[in-house]
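Just so it is clear: in the sequence shown, position 206 is 206 by full-length UniProt numbering, and no numbers are missing.
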Amino acid sequence: MEYVTDLREILREQRTRAKRTRDQVGAAVGLSGASIAAFEQGRMIPQPDTAERLDEHFKTGDKIRRAAKEAQEDARPTWLRPWTEHEQRATMLRCFEHSLIPGLLQTEDYTRALLQSGRLPDEVIDRTVQVRRDRQAATIDRPKPPMLSAVIGEVALTYGPADVLKGQLAHLVEASLRPQVQILIVPRAAGLHPGLAGAFVLATLPSRMRAVYLDDQLRGRTVSEGADVDELERSWEIVQGLALPVSLSRDLITKAVNDHD
Numbered sequence: 001m002e003y004v005t006d007l008r009e010i011l012r013e014q015r016t017r018a019k020r021t022r023d024q025v026g027a028a029v030g031l032s033g034a035s036i037a038a039f040e041q042g043r044m045i046p047q048p049d050t051a052e053r054l055d056e057h058f059k060t061g062d063k064i065r066r067a068a069k070e071a072q073e074d075a076r077p078t079w080l081r082p083w084t085e086h087e088q089r090a091t092m093l094r095c096f097e098h099s100l101i102p103g104l105l106q107t108e109d110y111t112r113a114l115l116q117s118g119r120l121p122d123e124v125i126d127r128t129v130q131v132r133r134d135r136q137a138a139t140i141d142r143p144k145p146p147m148l149s150a151v152i153g154e155v156a157l158t159y160g161p162a163d164v165l166k167g168q169l170a171h172l173v174e175a176s177l178r179p180q181v182q183i184l185i186v187p188r189a190a191g192l193h194p195g196l197a198g199a200f201v202l203a204t205l206p207s208r209m210r211a212v213y214l215d216d217q218l219r220g221r222t223v224s225e226g227a228d229v230d231e232l233e234r235s236w237e238i239v240q241g242l243a244l245p246v247s248l249s250r251d252l253i254t255k256a257v258n259d260h261d
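Structural data, given as structure tokens:
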């Protein structure tokens with residue numbers, strides 16, 4: 001990728017000029033040498049605050065920040081960009097997943113395990129993890145996050161390597177305590193329901209505009225046609241109605257965490 005290559009070259013050039021090791025640069029900006037190596041190799045892109053510290057360390061103005069921003073834009077697949085723009089503007093996000101943890105609530109280890117199960121190249125996995133991390137930072141981790149309501153099928157609490165899954169479930173419990181996050185679990189006993197047809201995310205945008213994201217094996221697509229959005233909102237209302245209340249859902253997730261002890 002052109003922008004990622006530019007970022008790599010800038011970081012390597014500045015570190016070489018300063019005659020510093022990766023560990024020394026990492027220590028100066030509060031990171032490990034391994035993180036600096038990942039930036040230089042294009043496997044990770046520094047977050048805005050990290051890029052700012054690197055600019056300050058190397059006295060490069062905003063050069064690294066601009067290169068990092070361009071790299072982040074370039075890392076997103078073209079088909080995903082319209083949706084991530086909606087995510088960043090959304091006042092409320094409502095998502096349903098039957099068998100997986102929703103992307104905005106995934107830990108990095110869980111995301112990597114999921115992608116590795118598809119035997120994808122390491123470069124693709126690193127890039128996808130970076131994009132997901134950036135999306136989380138721009139939505140649920142931003143200063144004024146949107147309301148996130150996630151309805152998850154109970155089976156999703158059981159899929160994954162034991163060590164990875166325990167950390168992911170603990171993260172869900174922690175996330176459920178945030179005032180802007182609501183996590184609801186649809187029990188197995190709920191039986192057939194329209195959510196089984198596929199995962200989706202509803203975004204409520206400023207001025208009450210709406211958009212939906214639908215995912216599949218190859219790529220996702222953004223839907224904004226009124227009739228289609230209405231149909232998916234009906235599905236949302238059904239799956240939400242089948243879910244356990246917030247406190248019981250958290251208890252079920254906590255029990256799943258403890259089952260891994």
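Using N, Cα and C, we set each Cβ at its ideal position, and we do this for glycine too.
Computed from a prediction, not measured in an experiment: that's the story for all the values here.
> Can you name the residues that DSSP bridges to Y213?
Replying inline: V201, T222
> What do you get for A150, buried or exposed, if any count of 16 or more other CB atoms within 10 angstroms of its CB means buried?
Replying inline: buried
> Looking only at C-alpha atoms, which of A156, D163, V246 sits nearest to L184?
Replying inline: V246
>> At the level of alpha carbons, what is the spacing between residue 308 and R15?
In response: In this structure the chain extends from 1 to 261, so residue 308 is not present and cannot be described.
> For I185, which residues does DSSP report across the bridge?
Replying inline: I152
> Can you check whether the CB of W83 is closer than 9 Å to the CB of T222?
Replying inline: yes
> What residue does the alpha helix (DSSP H) around L248 start on, and which one ends it?
Replying inline: 246-258
> Regarding S247 and the ligand NAD, is the C-beta to nearest heavy atom distance less than 8 Å?
Replying inline: In the structure on display, the ligand NAD does not appear, and there are no ligands present to speak of.
>> Per the DSSP calculation, R94 is bridged to which residue(s)?
In response: S149, L202
>> Between Q106 and R132, how many whole angstroms is the CB-CB distance? I'm expecting something under 8 Å.
In response: 7 Å
> How big is the Cα-Cα spacing for I45 and A138?
Replying inline: 14 Å
>> So, at 6 Å on beta carbons, what are the nonlocal neighbours of D6 in its own chain, with the 5 sequence-adjacent residues on each side left out?
In response: A67
> Between the beta-carbon of G153 and the beta-carbon of V186, is there less than 9 Å?
Replying inline: yes
> Whose CA, out of D259, D134, H193, lies closest to the CA of E237?
Replying inline: H193
>> Please classify H86 as buried or exposed, where buried requires at least 16 neighbouring CB atoms within 10 angstroms.
In response: buried
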